[in-house]
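Numbering (full-length UniProt numbering), first residue to last: 1 to 778. Just so you know, even glycine gets a beta-carbon here, dropped at the ideal spot from N, CA and C. Predicted, not measured: the structure shown is a model, and the values here were computed from it. The structure under discussion appears below in the form of C-alpha cells.
Now the structure itself:
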C-alpha cells in the first residue's frame, strides 16, 4: 500500500508531462508556466523513481508528503488542462503560482525527509546528492506576478490604488494592452464570481471580488489615460464614445442591454463568444444589433458644430470562435472548481502581508414578509449551516498573547460564512432573508480596510460605472478543512479547566483561557456545545466589560463563534449579553466593535432578539459604527441593521439614529457596499420617516443609478425603494422622473429578476397613471 502512494505520485507527474496544448489556442502565459512546472518536475521525478522500491519509501512521514505532493501535481495538471482563451488571466496566475510554490515546498520537504531518514537510501542516492537537489529546487526561479498582484490588491483596498508602474507591469505580464482586453478579463472574473456563488464557494467569491475591484480600477485608469491623450481640442462627450474602443462612434448600434457601441467593435466582441454587455455585464438575451440613428445624428451634429472630422466607419472585425472559447462558454466553472470539488486558492502565494483581516461574505435571499410583523429567519440558521465557523484575530492581538500567537495567526486565513443567499425585496418593498444551503467551507484571502471615496453624487451617471460586488452578512469564520470529531471526554476536561480560569484574578491566565476558548469555539459544533454546557457563556459575557483589550476581544469573538449554535443564541441573549455587547460596541477596539456588531446580527436571527436588541439601545452605536467604523466594521453594522430593520418597530429607530445619510454615502461603488446599503434603504423606505430621510439625504439619484447599473439584487431593492417613494409622494415622484429613471426601469421591466420586473412595471404603470391625471400625495 505504501509503495502505491509513491506510484500514484509518479503517475501524476507522468500525466503532467503528457499535457498537450493547441498551438493557436493556448496563450504564451500558459505555455510559460507549463514549461516552468515541467522543469521543476524533471528535478523531482528521478529521485522518486530511485526510491520506488527502497525501504525508505515506506516511511510514514514520507507517505503523507507523497499524498500531498501528488494532490498538488494533480491540481496543477487540472488547472492547465482547463485553460482557455477567455479565462481570467489574473485568477489563473494567482492559482498557478500558489500551486507551483506549494510543489516546490513539498518537494524540498520530501528531500529533507530522505536525508534525515534512518532507513537506508539506495546506493545511487546520497545526502550530498539530495542536498544538491534541494538547492536546485530552491534556486529555481519563476515569475512572481502574484506578489505584484498582491501589492496592487492591497493598495486598492487601502484606497490609494496601485501606482502606474504596478499597473503597467500587470498589464504587460497578463497581456491587458487595450480597453477591450481589460473588459474581457472583467467578464471572465464575473463568470468566476457567478460560478462561485452557485457553488457557494464563498472564500473564492471574496477574493474574486477583490480582483474585480482591481481590474475595474485599471479600466478607469486606462480610460483616463485615453482621454488625456486625445488630439481633439474639444473633449468628446462620453456618450459619443464606444465603451469598447473609447473612440468616437461612427456606426453606433444598440445591444439587448440598451447600451450603445460601435458596430465593428461590438461585433468582434460577440464573435469572440462573449454574450454579456461589456459595460453592464448583463447577459445579452439576443445578439441583434440595432442601429442607433439618434446617437448617430447627435454625433454628426456635434462634429459639425465643433469642426471635428468624423472618423471612417470601423469595418466589422469578425473571427471564428475557437473550440477553446466555446468550451469556456459551455463550462464557465472549469477554471475555478477542480474535479475534486475544491477551489484552488491563492492566499499562500499572495504575500503574507495580506493576511491581516477576515472578510464577511454572507447574503440573504427572498422571503415574503409582512413589513410590520415578524419573520421566520431564525429557522434556517441551524447548526449544520454554520458548522465550522469562527472569527479572525487582529494583528495586535496575536502579538499580545505569545502563548497563542502561532495558533491565532492561522485564523486570518480561515474565512467562511454562516449562509449564502441574495438580497431581494418582498411584495411590500421590504427586503428580507430566506434560509439557503450552507456555504462550503474554504480558505480565503484577506484584505485591509477600505477607505471610502468622496460622496457618490460627484460621479456622473454617464461614467463607465461598475461597483465592486458586495455581500451581506457577518464574517463568522471557519477552519479550512473538515476535522474529525474530537474526543469529547478530553475536550470536556480541557474546557472545564479553561472555564475555571475565566474567574482567575490573573489577567494573563484569563487572557490565555479566553484565547483558547475562542480557538475551540471556531473548530466545530461539538466544542461550542461543550463550552456552553460547562458554563462558559455567562463568564465570557462578564468579561465583555474587562478593561484589558485582549481579554475583551477574545471574549466577544468567542461569543460570536458560540452563537453559531442556535441554542447558544438563545442562551447568550437570555444571559443578558445584549447590554455588555453594546458596551463593547461603544468602547472596544476596532476588532471588538466589529465582532460585537456581528454577534448582535447573529443573535438577531431569532425574532424575539430583534425586539430585545432594538429596545436595548443597540441601534445608535450600530449606526455610529456604520458611519465611523473601519470598512469591515461598517459592513458588520450594516448587516446587523438590515436584520433589525425587518422588525417594523426598529425602522424608525434606525432612521432617527441618522443611518440614512451613512447608507447613501455607502452607495458609492468604491465603498464596496452598494447592495448592503440599498437593501437597508429598501426596508426603511416602507415608513414615512425613512422616505423623508432618503429624499433629504440625496438618496434618489443614487437609487436611480443602481436601477441602471447595479447588480440584479441591487436593482430589485432600488426599484422597490423608488416604488415606495413615488407612490407616497408626488414631489419624490417628480424627482425620480427628473433623474431619468424611465429608461433603466423599462430595461429592468424586461430583463430583471421576477420581483425586479414587478417593481419596475408597477412604477412605470404609476408614472403613466400620473400623466393621465391621477394625482399623488405630496
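Status (buried if at least 16 other CB within 10 Å, exposed otherwise) for residue i
i           : result
residue 217 : buried
residue 771 : exposed
residue 12  : buried
residue 653 : buried
residue 719 : buried
residue 200 : buried
residue 84  : buried
residue 690 : buried
residue 634 : buried
residue 769 : exposed
residue 602 : buried
residue 66  : buried
residue 731 : exposed
residue 307 : exposed
residue 593 : buried
residue 640 : buried
residue 511 : buried
residue 273 : buried
residue 290 : exposed
residue 304 : exposed
residue 360 : Only weak support is given to the placement of residue 360: the predicted model assigns it a pLDDT of 31, under 50, and the value that follows is read from those uncertain coordinates. Buried, because 16 or more other Cβ atoms sit within 10 Å of the Cβ of residue 360.
residue 163 : exposed
residue 197 : buried
residue 499 : buried
residue 568 : buried
residue 97  : buried
residue 380 : Here residue 380 scores only 34 on pLDDT, less than 50, and its place in the model should not be relied on; the value that follows carries that caveat. Buried: at least 16 other Cβ atoms inside 10 Å.
residue 106 : buried
Residue i - partner residues in DSSP beta bridges
i           : result
residue 248 : 241
residue 291 : 253
residue 283 : 276
Nearest-angstrom beta carbon gap, residue j and residue i [assumed within contact, 8 angstroms]
i           : j           : result
residue 514 : residue 491 : The Cβ separation is near 17 angstroms, so there is no contact.
residue 76  : residue 99  : 5 angstroms
residue 543 : residue 502 : 7 angstroms
residue 623 : residue 657 : 4 angstroms
residue 541 : residue 575 : 5 angstroms
residue 16  : residue 73  : 6 angstroms
residue 257 : residue 280 : 5 angstroms
residue 763 : residue 703 : Rounded, the Cβ-Cβ distance is 11 angstroms, inconsistent with contact.
residue 716 : residue 753 : 5 angstroms
residue 695 : residue 725 : 7 angstroms
residue 166 : residue 151 : 6 angstroms
residue 252 : residue 262 : 7 angstroms
residue 34  : residue 19  : 7 angstroms
Range of the contiguous alpha helix (DSSP H) that encloses residue i
i           : result
residue 262 : Residue 262 -> not in any alpha helix (DSSP H); beta strand (DSSP E) instead, spanning 260-262.
residue 651 : 648-656
residue 566 : 566-574
residue 531 : 525-533
residue 746 : 742-751
residue 718 : 712-728
residue 612 : 607-615
residue 583 : 578-587
residue 557 : 549-562
residue 639 : 631-645
residue 182 : 179-198
residue 761 : 754-771
residue 308 : Per DSSP, residue 308 belongs to no alpha helix (DSSP H) and is neither H nor E.
residue 168 : 164-174
residue 137 : 127-139
residue 670 : Neither: residue 670 is in no alpha helix (DSSP H) and is coded neither H nor E.
residue 593 : 590-604
*Return the chain-ordered ranges of every alpha helix (DSSP H) run that is complete within the segment 44-91 and spans a minimum of 4 residues.*
60-81
_If we require 3 or more residues per run, which beta strand (DSSP E) segments fall completely within the segment 680-704?_
none
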